[in-house]
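Residue numbers (my numbering), protein chains in the order written: chain B, 11 to 360; chain U, 3 to 400.
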């Protein structure tokens, strides 16, 4: 019986610890302000938020003071400021942010809603609402801004969207696998990305001269957002090295690459001009280079793209040691005199 | 320090001078300087980035210098562009060095100009022309650089009932006055109540065939987000100059998969992803499971764990990655990362462990100092240790 009791207590402690760690149990003593309780008791919003009726974008915010609370709650249970426990700091920070970043006048809206604040602040009727900021869809319920939306003209309401830092509700890309998803989702909605991200954000990975910000520059930051050398890097490193020349050199000396390639048997000894080991092209079917090209032609393309095609054509041509590159019944819609790579061989009309 | 601050202020002032300043203007400019040194490289890297904006004009720059090459110190600009916007948002012009990325056109870094014209009914027309940027920081290419080439492209898109955007795009890249890359693309994004779909596809006109196709559909249900995706990629998309491979035999890589994100608890996120894949006609797949536990409500501290299995063609390995970060004091943050990859092929090594512990000090909003120790076992060193240090300076105002 005693053992069972101990187990129950232990389980309860573990559950409580888990609840706290997972965020199921609140550790912050503050809690959402009891707007709903006040509404049910018939307390008008403007009774506490004095002056909001005539407030403009340029004026102060209208957070009630402790003195205002005490005008009704004559016997506060301690001497602390009411807002220390009632209402969350994040809600007040949000109000400050909205006040700074939105061009909004309560004064102009009060006449239209006839004093019904909940028409916009819908969540004030909830006992647990943390955010009281109306959603943009609520604004669009009355205001027609399709034209501005289409031309990305946000500054009628937003002072600086990027500085506001509030992701739009459709901002779902970062939830999943960002590396895989962001490209396809940004294809049509690049301007949505641009509300927060500038050219530099994209160029740091997609740019060519990219020795700029090696991931190690983020050292000391949040590790879950970094890590260029994620698992599997080796299988794609040649591609990345060629796609982003200079990035590797920002951390590794060239000798590092040469030594490793020599050790792994995919390169000649350091100091040899030819990067491939001896016998690279000898043997049936092109030897090792033929096998590597068939298994992973992208690795070849990492170095031999562009002008490198000339190198391939040097052997893989009619009469050349590499033989005719066109298989049986080969057809092509290319203009052999002008299109690449045809013109490399057929440019003279042969 | 004084010299660095002075240089930063000079750069901010230079950026600001690019902009006209009417009397009612409220210009803003920011500047960030990052310096990185570590014991593995022969020189450090210094990165300067900044932006300035005022009314309808903004400028952005990211410059870097340093790096370790046998040819000495290198420096270049990644972004150096000025953007002018029509006050009502109807048009925009960008000039300088920037990354042009729009629709299904592959992102390309160019020295050139791009323009956008938007109509209030949701039509948008984009056009770009310029010279693709080639590397100057890398070692001299073994077989010589590309000759002069230029690029022209554009996209037209239409918003449909605020829920859908469709676009078609076109790009032509020339070298020695001959077409070397010639693609047309289409893209679509639809955001419905519980489902959002995005797709893009590019068709290579030079070597007829699909050079790139991606589609992703995601749905939300409570704490779950389900996604299915499919991709068809080819080297012509990854490296547009490799058209030869479309003659000798394309390198097909197709994948179909699904992922689930479960917000299991306010501080706990779980991801599960799996995909089937074909690479060069060889079937395989990959899968991963990832967890992130925030140690506080704001996520300032966190623990992460990821297990990944790659099993296709010559890439067959199992890996695990663990991360941890936690603020120690108001201005101090520590972090640790660990990776272990076990390749299937014993000739590639038994295991590749890599780890890093870091400490960041952020005493003010103006500057930050961080250091780290990195240790690994690689194919060429049984054990190697590297120390890194970073200094960052933030200037300017918004």
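Beta carbons: idealized from backbone N, C-alpha and C, even for Gly.
Contacting residues, own chain, Cβ-Cβ under 7 Å from residue i (five flanking each side not counted)
i, result
"residue 36 (chain U)", "49, 392 and 394"
"residue 388 (chain U)", "40, 41, 42 and 376"
"residue 294 (chain U)", "271, 304 and 306"
"residue 142 (chain U)", "The predicted position of residue 142 (chain U) is uncertain, since its pLDDT is 37 and thus under 50; a value taken from the coordinates is nonetheless stated next. Same-chain partners within the cutoff: there are none."
"residue 46 (chain U)", "37, 38, 39 and 68"
Rounded straight-line distance, which links the Cα of residue j to that of residue i
i, j, result
"residue 346 (chain B)", "residue 355 (chain B)", "8 Å"
"residue 53 (chain U)", "residue 207 (chain B)", "12 Å"
"residue 369 (chain B)", "residue 368 (chain U)", "Any answer about residue 369 (chain B) is impossible in this case: the structure gives chain B only from 11 up to 360."
"residue 121 (chain B)", "residue 171 (chain B)", "28 Å"
"residue 352 (chain U)", "residue 384 (chain U)", "11 Å"
"residue 386 (chain U)", "residue 342 (chain U)", "15 Å"
"residue 24 (chain B)", "residue 263 (chain U)", "26 Å"
"residue 101 (chain B)", "residue 111 (chain B)", "15 Å"
"residue 310 (chain U)", "residue 200 (chain U)", "26 Å"
"residue 95 (chain B)", "residue 164 (chain U)", "42 Å"
"residue 220 (chain U)", "residue 228 (chain U)", "5 Å"
"residue 158 (chain B)", "residue 33 (chain B)", "40 Å"
"residue 138 (chain U)", "residue 170 (chain U)", "The predicted position of residue 138 (chain U) is uncertain, since its pLDDT is 44 and thus under 50; a value taken from the coordinates is nonetheless stated next. So the alpha carbons of these two residues sit roughly 33 Å apart."
"residue 277 (chain U)", "residue 231 (chain U)", "9 Å"
"residue 331 (chain U)", "residue 366 (chain U)", "13 Å"
"residue 61 (chain B)", "residue 70 (chain B)", "9 Å"
"residue 51 (chain U)", "residue 204 (chain B)", "17 Å"
"residue 213 (chain U)", "residue 197 (chain B)", "15 Å"
"residue 216 (chain U)", "residue 202 (chain U)", "5 Å"
"residue 114 (chain U)", "residue 191 (chain U)", "28 Å"
"residue 345 (chain U)", "residue 318 (chain U)", "6 Å"
"residue 324 (chain U)", "residue 339 (chain U)", "6 Å"
"residue 80 (chain B)", "residue 136 (chain B)", "23 Å"
"residue 321 (chain U)", "residue 298 (chain B)", "28 Å"
Residue-chain proximity (residue i, chain B), Cβ-Cβ < 8 Å
i, result
"residue 202 (chain U)", "yes"
"residue 185 (chain U)", "no"
"residue 32 (chain U)", "no"
"residue 191 (chain U)", "yes"
"residue 100 (chain U)", "yes"
"residue 348 (chain U)", "no"
"residue 352 (chain U)", "no"
"residue 159 (chain U)", "yes"
"residue 103 (chain U)", "yes"
Contacts around residue i, its chain only, beta-carbon distance under 6 Å, and the 5 residues preceding and following it disregarded
i, result
"residue 154 (chain U)", "131 and 174"
"residue 94 (chain U)", "87 and 118"
"residue 362 (chain U)", "335 and 372"
"residue 154 (chain B)", "none"
"residue 361 (chain B)", "In the structure displayed, chain B extends from 11 to 360; residue 361 (chain B) sits before or after that span and is not available."
"residue 390 (chain U)", "40 and 374"
"residue 103 (chain U)", "109"
"residue 364 (chain U)", "333 and 370"
Short CB-CB distance (under 8 Å) between residue i and chain U
i, result
"residue 7 (chain B)", "Residue 7 (chain B) falls outside the range modelled here, since chain B spans only 11 to 360, and no answer is possible."
"residue 136 (chain B)", "no"
"residue 156 (chain B)", "yes"
"residue 191 (chain B)", "yes"
"residue 163 (chain B)", "yes"
"residue 355 (chain B)", "no"
"residue 149 (chain B)", "no"
"residue 212 (chain B)", "yes"
Residue of the options minimising C-alpha distance to residue i
i, options, result
"residue 44 (chain B)", "B:83, B:57, B:97 and B:55", "B:97"
"residue 197 (chain U)", "U:203, U:215, U:224 and U:189", "U:224"
"residue 101 (chain U)", "U:171, U:280, U:397 and U:133", "U:133"
"residue 208 (chain U)", "U:195, U:201, U:186 and U:192", "U:186"
"residue 131 (chain B)", "B:19, B:55 and B:143", "B:143"
"residue 33 (chain U)", "B:326, B:210 and B:340", "B:210"
"residue 68 (chain U)", "U:89, U:55, U:90 and U:38", "U:38"
"residue 2 (chain U)", "U:256, U:58 and U:266", "Since the first and last residues shown for chain U are 3 and 400, residue 2 (chain U) lies out of range."
"residue 151 (chain B)", "B:163, B:129 and B:165", "B:129"
"residue 106 (chain U)", "B:200, B:66, B:136 and B:88", "B:200"
"residue 194 (chain U)", "U:322, U:84 and U:167", "U:167"
"residue 299 (chain U)", "B:108, B:99, B:85 and B:66", "B:99"
Between the stretch 161-174 of chain U and chain B, which residues of the former have CB atoms less than 8 Å from a CB of the latter, in chain order?
For the stretch 161-174 of chain U, which is checked against every Cβ of chain B, the residues closer than 8 Å are 161, 164, 167, 168 and 169.
Going along the stretch 311-337 of chain U in order, which residues come within less than 8 Å of chain B, judged by CB to CB distance?
312, 315, 316, 317, 319, 321, 322, 323, 325, 326, 327, 335 and 337
What residues in the stretch 89-120 of chain B bring their beta carbon closer than 8 Å to a beta carbon of chain U?
none
At a CB distance below 8 Å, what residues from the stretch 190-209 of chain B approach chain U? Give them in sequence order.
190, 191, 193, 194, 195, 196, 197, 198, 199, 200, 208 and 209
Residues in the stretch 254-265 of chain U having any Cβ partner in chain B nearer than 7 Å:
261 and 263
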